[in-house]
Amino acid sequence: MADTLLSLDDLAVHFTVGSALAGGIKTLKAVEGISLDVKPGECLGLVGESGCGKSTLALAIMGLIAPTRGRVALDGSDVKQRPRLETARTVQMVFQDPYASLNPRQTVRRTLADPLRLQGVGNKAEVDGRVMDMLAKVGLRPEHADRYPHEFSGGQRQRIGIARALILKPKLVICDEPVSALDVSIRAQIINLLLELKDEMGLSYIMISHDLGVVEHVSDRVAVMYLGRIVEQGGWQEIFENPRHPYTRALIAAIPDPFHRVDATANRTKAKGEIASALNPPSGCPFHPRCPIKADRCVSELPALEAVAPGHRAACHFRDRTV
Amino acid sequence: MTVPLLKVDELRIALAGDVIHNAVEEVSFEIGRGEAFGLVGESGCGKSITALAIMGLLRRPLSLAGGRIALDGQEIQDASPSEWRRLRGSRIAMIFQEPMTALNPLSPVGKQIAEMFVLHQGASWSEAMDRAEEALRQVRVPSPERRIRDYPHQLSGGMRQRVMIAIALACGPDLLIADEPTTALDVTVQSEIIDLMAELCAAKGTAILMISHDLGLVANMCRRVAVMYAGRIVESQPAGAIFATPRHPYTQGLVDSLPRLGERAKRGRQRLREISGVVPSIASYPAGCRFNPRCFAATDICRNTPPAQTPLPADGLVRCHHHG
Amino acid sequence: MSQSTPASVTADIAAKRRFRLKGGLSLWVGGALVGIALAVAITAPLIAITDPVMSANLMNAEIPPCWEFPFGTDAQGRDIYSRIVYGSRISLTVGVVSQIVNSLIGVSLGLSAGYWGGLWDDFVSGLTNLMLAIPSLIFALAIMAILGPGLVSLVIALGLTNWSYSCRLARAQVLSLKSQGYVQAARILGYGDLRIMFTQLLPNMLGPLIVIATLGMGGAILSEAALSFLGLGIRPPFPSWGSMLSEARDQINTVPWLSVFPGLAIFFTVLGLNLLGDGLRDILDPQTTTRR
Numbered sequence: 353m354a355d356t357l358l359s360l361d362d363l364a365v366h367f368t369v370g371s372a373l374a375g376g377i378k379t380l381k382a383v384e385g386i387s388l389d390v391k392p393g394e395c396l397g398l399v400g401e402s403g404c405g406k407s408t409l410a411l412a413i414m415g416l417i418a419p420t421r422g423r424v425a426l427d428g429s430d431v432k433q434r435p436r437l438e439t440a441r442t443v444q445m446v447f448q449d450p451y452a453s454l455n456p457r458q459t460v461r462r463t464l465a466d467p468l469r470l471q472g473v474g475n476k477a478e479v480d481g482r483v484m485d486m487l488a489k490v491g492l493r494p495e496h497a498d499r500y501p502h503e504f505s506g507g508q509r510q511r512i513g514i515a516r517a518l519i520l521k522p523k524l525v526i527c528d529e530p531v532s533a534l535d536v537s538i539r540a541q542i543i544n545l546l547l548e549l550k551d552e553m554g555l556s557y558i559m560i561s562h563d564l565g566v567v568e569h570v571s572d573r574v575a576v577m578y579l580g581r582i583v584e585q586g587g588w589q590e591i592f593e594n595p596r597h598p599y600t601r602a603l604i605a606a607i608p609d610p611f612h613r614v615d616a617t618a619n620r621t622k623a624k625g626e627i628a629s630a631l632n633p634p635s636g637c638p639f640h641p642r643c644p645i646k647a648d649r650c651v652s653e654l655p656a657l658e659a660v661a662p663g664h665r666a667a668c669h670f671r672d673r674t675v
Numbered sequence: 300m301t302v303p304l305l306k307v308d309e310l311r312i313a314l315a316g317d318v319i320h321n322a323v324e325e326v327s328f329e330i331g332r333g334e335a336f337g338l339v340g341e342s343g344c345g346k347s348i349t350a351l352a353i354m355g356l357l358r359r360p361l362s363l364a365g366g367r368i369a370l371d372g373q374e375i376q377d378a379s380p381s382e383w384r385r386l387r388g389s390r391i392a393m394i395f396q397e398p399m400t401a402l403n404p405l406s407p408v409g410k411q412i413a414e415m416f417v418l419h420q421g422a423s424w425s426e427a428m429d430r431a432e433e434a435l436r437q438v439r440v441p442s443p444e445r446r447i448r449d450y451p452h453q454l455s456g457g458m459r460q461r462v463m464i465a466i467a468l469a470c471g472p473d474l475l476i477a478d479e480p481t482t483a484l485d486v487t488v489q490s491e492i493i494d495l496m497a498e499l500c501a502a503k504g505t506a507i508l509m510i511s512h513d514l515g516l517v518a519n520m521c522r523r524v525a526v527m528y529a530g531r532i533v534e535s536q537p538a539g540a541i542f543a544t545p546r547h548p549y550t551q552g553l554v555d556s557l558p559r560l561g562e563r564a565k566r567g568r569q570r571l572r573e574i575s576g577v578v579p580s581i582a583s584y585p586a587g588c589r590f591n592p593r594c595f596a597a598t599d600i601c602r603n604t605p606p607a608q609t610p611l612p613a614d615g616l617v618r619c620h621h622h623g
Numbered sequence: 265m266s267q268s269t270p271a272s273v274t275a276d277i278a279a280k281r282r283f284r285l286k287g288g289l290s291l292w293v294g295g296a297l298v299g300i301a302l303a304v305a306i307t308a309p310l311i312a313i314t315d316p317v318m319s320a321n322l323m324n325a326e327i328p329p330c331w332e333f334p335f336g337t338d339a340q341g342r343d344i345y346s347r348i349v350y351g352s353r354i355s356l357t358v359g360v361v362s363q364i365v366n367s368l369i370g371v372s373l374g375l376s377a378g379y380w381g382g383l384w385d386d387f388v389s390g391l392t393n394l395m396l397a398i399p400s401l402i403f404a405l406a407i408m409a410i411l412g413p414g415l416v417s418l419v420i421a422l423g424l425t426n427w428s429y430s431c432r433l434a435r436a437q438v439l440s441l442k443s444q445g446y447v448q449a450a451r452i453l454g455y456g457d458l459r460i461m462f463t464q465l466l467p468n469m470l471g472p473l474i475v476i477a478t479l480g481m482g483g484a485i486l487s488e489a490a491l492s493f494l495g496l497g498i499r500p501p502f503p504s505w506g507s508m509l510s511e512a513r514d515q516i517n518t519v520p521w522l523s524v525f526p527g528l529a530i531f532f533t534v535l536g537l538n539l540l541g542d543g544l545r546d547i548l549d550p551q552t553t554t555r556r
């Protein structure tokens with residue numbers, strides 16, 4: 353058994369957009385040069401805002417988008433060479449929107465049983481047993497099996513979504529903003545459930561979220577993405593206690609602190625302006641137009657992701673400067 | 300005793316259907332001149348339709364079923380449509396969660412701002428366009444002289460929300476209602492928009508009614524916060540106090556249930572405190588206290604009798620039989 | 265739905281009200297008209313007074329509506345009522361069968377084009393545009409000219425020429441459903457393309473497709489009338505509503521009941537199908553659009 357479950361090596365996914373007639377063809381570098389490992393039982397937090405490429409990265413990991421460059425290895429073998437049904441047993445996904453992620457015309461039972469049958473589990477009693485086990489694990493009752501999605505609340509639907517992701521007993525689950533579409537009073541239930549299931553089933557997670565509170569709570573290691581690249585990665589404590597990339601600091605500073613009213617003092621570390629388009633990224637360091645500590649060098653030269661401490665790397669020319 | 304800018308008194312909003320339900324009831328609060336007031340709650344709690352009522356924008360099947368809304372001491376709940384049109388924009392303005400749906404996609408943004416000056420202040424179009432450019436500069440849109448001719452789809456989400464703020468504040472309203480103004484935006488952009496709103500309103504003396512599901516965001520920006528649950532205000536306190544000493548079990552649950560940055564480093568990973576159960580739908584509000592099926596402290600009285608309001612220090616109130 | 269936002273509560277209630285009033289009214293009136301037409305077609309031998317073809321009797325020629333012949337008789341002395349009753353079989357068969365053929369072609373092309381995209385999509389879209397650019401009746405005329413008159417040729421001609429609407433609709437539906445989480449989830453679970461199309465996509469787009477097919481049936485009945493009117497549809501002496509109109513065209517001033525009654529039969533059946541389609545749209549749409 354490999355000691356890394358997932359390993360990304362210089363992964364890049366580019367799309368061509370536009371047409372030769374209207375404005376010319378452009379290359380969108382949705383994911384650019386990402387190298388990452390996820391070990392069994394580990395939870396990797398993936399932080400970033402819209403357009404940072406995290407959704408594309410998720411699809412590439414599951415083999416649903418072919419990489420332009422680089423390699424995705426699951427369990428030691430290239431995802432391109434793995435049969436789709438085998439990949440399905442290894443990596444699964446929990447979606448953000450519990451309303452759009454369940455087929456409105458399928459009962460819960462069918463949603464959970466079909467993937468099993470597809471894997472060749474033909475014995476009806478075994479299928480039924482596994483469906484019932486799974487329902488119990490995510491906190492639903494047996495009679496819920498024959499209901500349709502519209503009969504459930506948002507939180508219950510997300511439980512069904514989690515059951516569907518876990519029914520094939522995968523090793524890695526990509527959770528794409530699993531609580532951000534839920535009511536605030538429901539979120540804690542789902543986060544607790546995900547953590548319990550992780551221990552119980554020995555899962556690894558990639559937790560994609562923009563909610564740093566959630567990421568800090570669940571992650572062992574954290575990677576911060578900006579415009580298709582990883583700008584900082586490290587253990588959760590290093591990232592949150594000693595962030596070295598100004599973008600990571602800006603993300604932390606952007607969280608409203610209920611005990612301190614809005615004032616000017618926090619503005620030192622906040623990012624200015626808007627996220628650039630990945631179609632037309634800035635020169636040099638992609639974050640420089642918004643960076644509070646940018647220098648001339650940042651405009652011309654792309655900083656590499658280099659170590660600041662063992663296991664902690666940041667892509668900033670001033671990674672050694674602390675605030 | 301000074302007259303508050305906005306006084307909402309025993310507001311009741313009915314939702315007509317097979318049976319008539321009260322989507323909002325017994326909602327009372329006051330906002331002083333230039334004050335930032337927050338209304339927090341989950342989807343379906345009635346916070347957004349409360350805002351619509353204050354804007355005179357309730358449409359069937361929703362209707363105002365009782366209560367008073369007074370602006371500067373003058374009751375406006377029975378205003379005629381033409382009086383409402385005069386109030387909206389010039390004295391009360393509103394910004395929405397998704398600016399793309401609130402802006403006219405076929406009109407340049409400069410023109411949409413200028414329209415406010417023409418409509419409410421009788422300015423000429425050429426003068427209004429100059430003032431629109433100035434308004435864009437105030438909301439820190441870069442190179443406003445060019446952006447003024449852009450259409451909404453050419454702007455990013457954050458820029459659109461800036462344009463919405465410019466339109467809302469164009470005529471110097473007394474009250475700005477912001478309904479989830481940053482929910483659709485990225486976190487770093489969100490904090491900029493919030494800062495901008497707070498700063499502009501402070502400079503112009505505009506009061507803010509901030510509506511959001513994010514207790515942290517609201518407490519960060521507002522002086523006082525009211526928490527709504529299932530159509531009623533369950534607790535209202537100064538912003539600091541609502542986090543430090545929440546009195547209603549629902550507020551306590553909200554404060555405790557979300558992982559806060561820095562907690563894990565201090566105390567290690569602890570299981571999050573859950574609020575059990577689901578948010579009730581309007582057709583199935585429980586008897587008594589509406590939070591009782593989810594409440595850890597519920598007793599028989601909670602299941603039978605709706606709790607009355609208990610005053611708290613600093614103009615606060617809580618609606619709970621066992622407020623602690 | 266135990267968890268609801270104000271907007272969705274409003275939508276739920278609005279949907280229920282539509283079901284009761286608007287959808288309800290046109291659904292029931294349309295359903296009743298179509299139901300009567302179907303009942304007439306099925307029970308034709310029982311409710312017809314005479315044989316539609318063999319009852320020719322020149323002694324009875326061109327009698328106006330009376331007790332014995334409620335809709336009058338034609339130049340050969342045949343009972344118009346009985347001919348309309350038997351004619352419903354042909355008109356409804358043409359309407360239903362040709363629409364089934366259209367839907368099968370349109371949905372398979374639209375579904376696959378929307379799902380796979382690429383060159384296949386370009387090809388199907390081009391073909392659809394081509395079909396829409398040629399008036400379908402002209403196209404049907406050409407096919408009829410090759411195949412010759414008759415019921416089977418009618419069904420083939422009308423079934424091959426009106427699939428572009430369901431094709432476009434199916435493609436548009438797939439494009440919007442494709443990005444839904446449950447379709448993505450199915451891919452991640454290892455579902456094959458065909459399985460995704462049939463279990464995840466098709467059931468969620470049936471509502472609008474049924475509506476389009478129902479509306480198309482009315483169109484097909486009118487096209488049958490037009491083709492028969494032009495002499496390319498059902499050959500005399502067998503009755504179809506269109507061929508009856510066609511035969512009556514010279515005598516519309518002198519013997520008006522020859523054209524009025526088949527015309528009314530077409531009118532009420534097509535009206536019924538359109539109302540039914542509208543009613544179905546109103547009750548099926550809120551359920552098929554996935555809530556956000």
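Residue numbers (the numbering used here), protein chains in the order written: chain A, 353 to 675; chain B, 300 to 623; chain C, 265 to 556.
For every residue, glycine included, the Cβ atom is placed at its ideal position computed from N, Cα and C.
inquiry  = Using the Cβ count rule (16 or more neighbours within 10 Å means buried), how would you classify A:G669?
reply    = The residue you call residue 669 of chain A lines up with position 317 of the first sequence. Per the sequence shown, residue 669 of chain A should be read as His rather than Gly. Counting other Cβ atoms within 10 Å of its Cβ, A:H669 reaches 16 or more and is therefore classed as buried.
Per-residue contacts from A:N632 into chain B (C-beta, under 7 Å) = If you number the first sequence from 1, residue 632 of chain A lands on position 280. Result: empty, since nearest Cβ-Cβ is about 12 Å, beyond 7 Å.
ask   = Pairing CB atoms from the region 533-542 of chain A with CB atoms from the region 330-344 of chain B, are three or more of them under 8 Å?
value = Output reads yes: the region 330-344 of chain B touches the region 533-542 of chain A.
inquiry  = Just to confirm the assignment, what range does the beta strand (DSSP E) spanning B:E324 have?
reply    = Indexing the second sequence from 1 puts residue 324 of chain B at position 25. First-last of the beta strand (DSSP E) with B:E324: 320-330.
ask   = Should A:G580 be flagged as near chain B, meaning a C-beta pair shorter than 7 Å?
value = What you label residue 580 of chain A is simply residue 228 of the first sequence in a count that begins at 1. The beta carbon of A:G580 does not come within 7 Å of any beta carbon belonging to chain B, so the residue lies off that interface.
task = Please name the residues in the region 559-570 of chain A whose beta-carbon is closer than 7 Å to at least one beta-carbon of chain B, in chain order.
result = Within the region 559-570 of chain A, the residues whose Cβ lies closer than 7 Å to some Cβ of chain B are H562, L564, G565, V566, E568, H569, listed in chain order.
ask   = What are the start and end residues of the alpha helix (DSSP H) that includes B:I464?
value = Sequence index remark: in the second sequence, residue 464 of chain B carries index 165 (1-based). That run of the alpha helix (DSSP H) goes 456-468.
key: Cβ pair A:M414, A:V369 closer than 7 Å   = Looking up residue 414 of chain A in the first sequence gives position 62. Looking up residue 369 of chain A in the first sequence gives position 17. No, Cβ-Cβ distance for A:M414 and A:V369 is not below 7 Å.
request  = Give a yes or no on whether the minimum CB-CB distance between C:P399 and chain A is below 7 Å.
outcome  = As a first step, residue 399 of chain C is located in the third sequence; it is residue number 135 there, counting from the start. Output row for C:P399: interface = no.
message = Could you compute how far the alpha carbon of A:I645 sits from the alpha carbon of A:R673?
response = As a first step, residue 645 of chain A is located in the first sequence; it is residue number 293 there, counting from the start. As a first step, residue 673 of chain A is located in the first sequence; it is residue number 321 there, counting from the start. Near 10 Å, if we compare the C-alpha coordinates of A:R673 and A:I645.
query = Mind checking whether C:V419 and C:S362 have CB atoms under 7 Å apart?
reply = Here residue 419 of chain C refers to the residue found at position 155 when the third sequence is read from its first residue. Here residue 362 of chain C refers to the residue found at position 98 when the third sequence is read from its first residue. Here C:V419 is near C:S362, since their CB atoms are less than 7 Å apart.
Straight-line Cα distance separating B:I574 from B:C344 = Taking the second sequence and counting its residues from 1, one reaches residue 344 of chain B at position 45. Taking the second sequence and counting its residues from 1, one reaches residue 574 of chain B at position 275. Going by the C-alpha atoms only, they are around 16 Å apart.
inquiry  = Relative to the C-alpha of C:V500, which candidate in C:G351, C:Q464, C:Q437, C:G480 has its C-alpha closest?
reply    = Translated into the one-based positions of the third sequence, residue 500 of chain C becomes position 236. Strictly speaking, residue 500 of chain C in this sequence is Pro, with Val absent from that position. With distances taken between Cα atoms, C:P500 lies closest to C:G351.
task = Use the C-beta contact count for C:A489: other C-beta atoms within 10 angstroms, 16 or more gives buried, fewer gives exposed.
result = Position 225 of the third sequence, counting from 1, holds the residue named residue 489 of chain C. A residue is called buried when at least 16 other Cβ atoms come within 10 angstroms of its Cβ; C:A489 meets this threshold and is buried.
message = Output needed in chain order: residues of the region 566-595 of chain B with a Cβ under 7 Å from some Cβ in chain A.
response = Taking 7 Å as the upper bound on Cβ-Cβ separation, chain A lies near residues R568, R570, L571, R572, E573, I574, V577, V578 of the region 566-595 of chain B.
message = Determine whether the beta carbon atoms of A:V399 and A:V576 lie at a separation below 7 Å.
response = Locating residue 399 of chain A in the first sequence gives position 47, where the first residue counts as 1. Locating residue 576 of chain A in the first sequence gives position 224, where the first residue counts as 1. Against a cut-off of 7 Å, the Cβ pair of A:V576 and A:V399 comes out as a contact.
inquiry  = Please state whether the Cβ-Cβ distance between A:P595 and A:C643 is less than 7 Å.
reply    = Counting from 1 along the first sequence, the entry for residue 595 of chain A is found at position 243. Counting from 1 along the first sequence, the entry for residue 643 of chain A is found at position 291. No; because the gap between Cβ atoms is not below 7 Å, this pair is not in contact.
task = Check whether the Cβ of C:R451 lies closer than 7 Å to any Cβ atom in chain A.
result = Taking the third sequence and counting its residues from 1, one reaches residue 451 of chain C at position 187. The beta carbon of C:R451 falls within 7 Å of a beta carbon belonging to chain A, placing the residue at that interface.
ask   = Rounded C-beta distance between C:G378 and C:K442? I'm assuming under 8 Å.
value = Position 114 of the third sequence, counting from 1, holds the residue named residue 378 of chain C. Position 178 of the third sequence, counting from 1, holds the residue named residue 442 of chain C. About 7 Å; that satisfies the 8 Å criterion.
request  = Kindly indicate which three-state DSSP category B:R546 falls into: helix, strand or coil?
outcome  = The count along the second sequence starts at 1 and reaches residue 546 of chain B at position 247. DSSP places B:R546 outside both helix and strand once states are collapsed to three, so it counts as coil.
message = Helix, strand or coil for A:M484? Go by DSSP, reduced to three states.
response = Residue 484 of chain A sits at position 132 when you count from the first residue of the first sequence. Helix.
ask   = In this structure, what does DSSP give as the bridge partners for B:H620?
value = Within the second sequence, numbered from 1, the residue matching residue 620 of chain B stands at position 321. Its beta-bridge partners do not exist; DSSP assigns none.
key: Interface flag, A:I604 vs chain C, CB-CB below 7 Å   = Within the first sequence, the letter at position 252 stands for residue 604 of chain A. Not closer than 7 Å to any Cβ of chain C, the Cβ of A:I604 fails to qualify, so no.
task = Mark B:M520 as exposed unless 16 or more other C-beta atoms lie within 10 angstroms of its C-beta, in which case mark it buried.
result = Here residue 520 of chain B refers to the residue found at position 221 of the second sequence. When all chains shown are included, B:M520 counts as buried.
ask   = Thinking C-beta only, is B:R602 closer than 7 Å to B:G587?
value = Sequence index remark: in the second sequence, residue 587 of chain B carries index 288 (1-based). Sequence index remark: in the second sequence, residue 602 of chain B carries index 303 (1-based). Yes.
query = So with Cβ pairs under 7 Å, would you call A:N544 a contact of chain B?
reply = On the first sequence, position 192 is the one that residue 544 of chain A refers to. It does: the Cβ of A:N544 has a partner Cβ on chain B nearer than 7 Å.
query = Does the pairing of the region 473-485 of chain B with the region 510-519 of chain B give three or more beta-carbon distances under 8 Å?
reply = At 8 Å Cβ cutoff, the stretches touch.
ask   = Shorter than 7 Å from the beta carbon of C:L544 to some beta carbon of chain A?
value = In the third sequence, counting from the first residue as 1, residue 544 of chain C sits at position 280. Judged by the 7 Å Cβ criterion, C:L544 is not in contact with chain A.
message = Counting only Cβ pairs nearer than 7 Å, list the residues of chain A close to B:Q608.
response = Your numbering for residue 608 of chain B matches position 309 in the second sequence. By Cβ distance, chain A contributes nothing, its closest Cβ being about 22 Å from B:Q608, past 7 Å.
ask   = With contact counted as at least three CB pairs below 8 Å, one residue from each stretch, are the region 522-529 of chain A and the region 470-485 of chain A in contact?
value = Verdict: no, contact absent.
task = Return the residues of the region 462-476 of chain C that lie within a Cβ-Cβ distance of less than 8 Å from chain A, sorted by chain order.
result = Result list: T463, Q464, P467, N468.
request  = Tell me whether C:F403 sits in a helix, a strand or coil according to DSSP, three-state version.
outcome  = Start at 1 with the first residue of the third sequence, and residue 403 of chain C comes out as number 139. Here C:F403 sits in helix by DSSP.
message = Whole angstroms are fine: how far does the CA of C:I452 sit from the CA of B:E329?
response = Taking the first residue of the second sequence as position 1, residue 329 of chain B is located at position 30. Taking the first residue of the third sequence as position 1, residue 452 of chain C is located at position 188. C-alpha separation (whole angstroms): 52 Å.
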